[in-house]
Structures are given as structure tokens and as C-alpha cells.
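Report on the following structure.
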Amino acid sequence: MDRLDELAIFVAIIDTGSLAGAARQLRRSRPAVTRALAALEERAGVRLIARTTRQLMATEAGRELAAAARNILAEYEASLSGVTGAPMRGLIRITAPTAFGRRHVTPVVAEFLDLHPEIQIELVLADRNLDLIEEGLHLAVRIGALPSSRLVARKVGEVRRVLVAAPAYLERRGTPHRPADLAGHDTIVSIAAGQSMLWRFAGDARSATVQVTPRLIVNEIEAVLIAARSGRGLARALSYQAAPDIAAGTLVRVMRGWEPPASPVQLVVPSGQHLQPKVRAFLDFAAARLQQLPVIRPGS
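The structure is reproduced here in C-alpha cells:
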């Protein structure tokens with residue numbers, strides 16, 4: 001078997017987490033995939049895949065080889081495309097926060113697929129930051145500062161954490177203007193969005209922290225917005241999440257002068273890797289589309 005083919009099979013095993021998944025992705029037989037992995041491990045002299053009862057996981061040596069293999073395959077693909085002008089093909093694995101991905105990334109993915117009929121995209125929506133390398137992901141949409149230096153980011157916008165309530169609730173209970181005014185107000189908290197019972201505010205070189213005792217705790221931001229629209233209390237959400245309701249007048253943004261600093265919205269890829277042409281093409285395409293979104297423009 002061609003050595004480059006072995007590397008492609010190995011990367012597919014890492015990306016899909018199984019021999020069967022790699023076989024389906026590459027349209028090979030499972031025995032052929034198994035033989036390629038065995039040959040590669042024999043040639044490397046180390047175990048590259050740790051087998052468990054549920055899935056296959058790359059060993060440390062396997063992760064190092066996978067990173068190098070991605071670079072080699074990307075350079076090969078770029079060279080081939082440059083010579084032949086062949087259309088882009090293959091799988092791109094992308095992750096994004098659930099609500100943002102559902103509303104704003106999915107339409108970008110659909111448009112990109114229309115432009116590139118031989119591209120396949122797997123979009124993983126999750127509200128926790130998946131490890132791009134260990135999960136075999138090519139690109140992520142991230143909201144907030146990046147804790148890892150293993151990632152390279154391109155900023156496409158920003159969002160703020162806003163405080164909102166229904167007009168009927170504010171008419172009934174009054175509109176808060178500063179953190180101290182929250183005492184005695186009903187609140188709604190989303191534990192899935194990483195909110196705690198301590199709400200932090202900042203404004204005009206001042207800061208404040210308020211301990212809230214929520215009337216309602218839920219694990220999904222859409223439920224928070226539904227409850228807020230029905231007048232159940234004050235809720236915090238990211239500005240893009242509440243934007244449709246604010247525009248429609250079903251929720252009102254309050255205490256704007258006390259909102260924390262904006263958080264960046266970024267497209268990130270693993271550092272130290274040559275981007276495959278298909279991944280770079282999607283990165284450039286998605287950046288251009290997302291930068292046009294009014295809900296993540298600075299000052300929105």
C-alpha cells in the first residue's frame with residue numbers, strides 16, 4: 001500500500017474514532033483499514049492506537065504522528081490542487097457553540113456545501129470546548145478568550161453578556177439601573193451557559209458582584225429566554241442570543257452601563273499545522289460571512 005495512503009487511513013481512524021468509521025469515510029473495506037494500521041504501527045515500532053471497549057484513542061506517539069500526517073497530506077493536497085485545478089473534496093470537521101452554531105454557523109456551512117459539491121462537513125454543536133487535536137476537528141468557532149496557545153485564532157466579531165427582562169415584568173417590578181437594584185428581583189439562571197449565582201458587572205471603572213437567588217434554574221439558554229419573555233424575571237444571556245427578542249421588543253436590555261467587557265467571537269485552528277486547502281477555504285469563507293452578522297459586530 002502507498003505510504004501516503006497509510007497516513008490518510010490513519011488520520012481517518014483518528015477523526016472517526018473507529019476502524020469502521022474510517023472505512024466508511026474512505027470507502028475502503030474494514031480489513032484493508034486494519035491492515036494499513038498494523039503496517040504503520042509495525043513500521044513506526046510503537047503502538048499508535050489504544051483500543052478500548054468503546055472506541056479507539058491515539059497514544060502520545062499516535063497524536064504526534066497524526067499532527068505530522070495532517071501536514072504532509074495538506075501539502076500534498078495543496079500541491080496537487082495547484083497543478084491540476086481539481087475541485088476540493090473530502091471531510092471537514094467543525095465545532096461551534098450550540099445556539100450560535102444552530103443559528104449562524106449552519107447557514108454558512110450549507111452555503112459552502114452548495115459551492116463545493118465534493119466536500120462533506122461534520123458540524124459538532126457543543127457548549128464545551130472540544131480539543132481540536134484529540135477530537136480530530138479541523139476548525140472551531142469559539143466565544144471568549146482562548147486559554148490554549150495551541151490554537152491560532154481569527155476574530156470575526158464580539159458579543160456581550162446582557163441583562164434582559166420582559167416589558168411586563170419591568171412594568172410590574174421596576175427597572176434596575178445599578179447592581180444594588182437587583183435585590184428583591186426575580187432572576188433566571190442558565191447553568192449550561194456557565195453562569196454562577198454570582199453575577200459580575202463592570203462599568204465606568206467600577207465593578208460589582210451580586211449574589212442572586214434564582215427563582216428558576218435551567219440547563220439551556222433557549223429555556224431561559226422563553227421564561228424571561230413570559231415575565232418570570234431578569235435573565236443574562238449573550239447579546240447574540242437575546243438579539244431577536246430585543247429587536248422584537250419582547251425583551252428589554254437593562255443596565256447597559258454595567259455590562260462586562262465584550263468577548264471575542266473567533267475561528268480557531270490548531271497551531272503548528274499546515275492548513276489543508278479545503279480547511280483554509282472554509283476558514284476564509286466563514287470569516288467573511290460571519291463578519292457580516294450584525295449581532296456580533298462591535299458595539300452591537
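Start counting the sequence shown at 1; every next residue gets the next number (UniProt numbering). For each residue, glycine too, the CB sits at the ideal point set by N, CA and C. These figures come from a predicted structure and were not determined experimentally.
What are the boundary residues of the alpha helix (DSSP H) that includes residue i?
i: Ser-271; result: It is not in any alpha helix (DSSP H) - Ser-271 carries neither H nor E in the DSSP assignment.
i: Glu-41; result: 30-44
i: Ile-143; result: Note, Ile-143: premise wrong, no alpha helix (DSSP H); beta strand (DSSP E) at 139-143.
i: Asp-114; result: 106-115
i: Thr-175; result: Where Thr-175 is concerned, there is no enclosing alpha helix (DSSP H), given that its DSSP letter is neither H nor E.
i: Ile-13; result: 3-16
i: Leu-132; result: 132-135
Sort out for me which residues DSSP pairs residue i with in a bridge.
i: Met-57; result: Ala-50
i: Thr-95; result: Val-124 and Ala-140
i: Lys-278; result: According to DSSP, which records beta bridges pairwise, Lys-278 is partnered with nothing at all.
i: Leu-73; result: Note: Leu-73 sits in no beta bridge, so no partner.
i: Val-265; result: Ile-143 and Gly-157
Tell me the DSSP secondary structure of residue i in three-state form.
i: Gln-120; result: strand
i: Arg-256; result: helix
i: Gly-101; result: helix
i: residue 301; result: As displayed, the chain neither begins before 1 nor continues past 300, which places residue 301 out of reach and without an answer.
i: Arg-154; result: strand
i: Leu-170; result: helix
i: Gly-90; result: strand
i: Gly-299; result: coil
i: Leu-293; result: coil
i: Gly-249; result: coil
Would you kindly report the start and end of the unbroken beta strand (DSSP E) that includes residue i?
i: Val-164; result: 161-165
Check the C-beta distance from residue i over to residue j and give it rounded, since I have them as a contact under 8 Å.
i: Val-162; j: Arg-232; result: At roughly 17 Å, the Cβ-Cβ gap does not stay under 8 Å, so Val-162 and Arg-232 are not in contact.
i: Leu-113; j: Ile-94; result: Going by Cβ atoms, the distance from Leu-113 to Ile-94 rounds to 12 Å, so no, they are not a contact pair.
i: Val-105; j: Ala-287; result: Contact flag wrong, Cβ pair sits at about 12 Å.
i: Ile-133; j: Ala-67; result: 7 Å
i: Glu-171; j: Ser-263; result: So it is not a contact: roughly 31 Å between Cβ atoms.
i: Val-252; j: His-138; result: So it is not a contact: roughly 40 Å between Cβ atoms.
i: Val-189; j: Pro-214; result: 4 Å
i: Val-265; j: Ile-296; result: 5 Å
i: Ile-92; j: Ile-119; result: 6 Å
i: Arg-150; j: Asn-129; result: Rounded, the Cβ-Cβ distance is 12 Å, inconsistent with contact.
i: Val-30; j: Leu-19; result: A quick correction: the sequence has Arg, not Val, at residue 30. Yes, Arg-30 and Leu-19 are in contact; Cβ-Cβ is about 6 Å, under 8 Å.
i: Gln-241; j: Ala-99; result: 6 Å
i: Val-212; j: Leu-182; result: 7 Å
i: Val-164; j: Ile-246; result: 7 Å
i: Arg-102; j: Leu-267; result: That pair is no contact at about 17 Å.
i: Val-46; j: Ile-9; result: About 17 Å; that fails the 8 Å criterion.
At which residue ranges does the region 183-247 contain complete alpha helix (DSSP H) runs of 4 or more residues, listed in the order of the chain? Counting whole runs of 4 or more residues, the region 183-247 contains the alpha helix (DSSP H) stretches 221-229.
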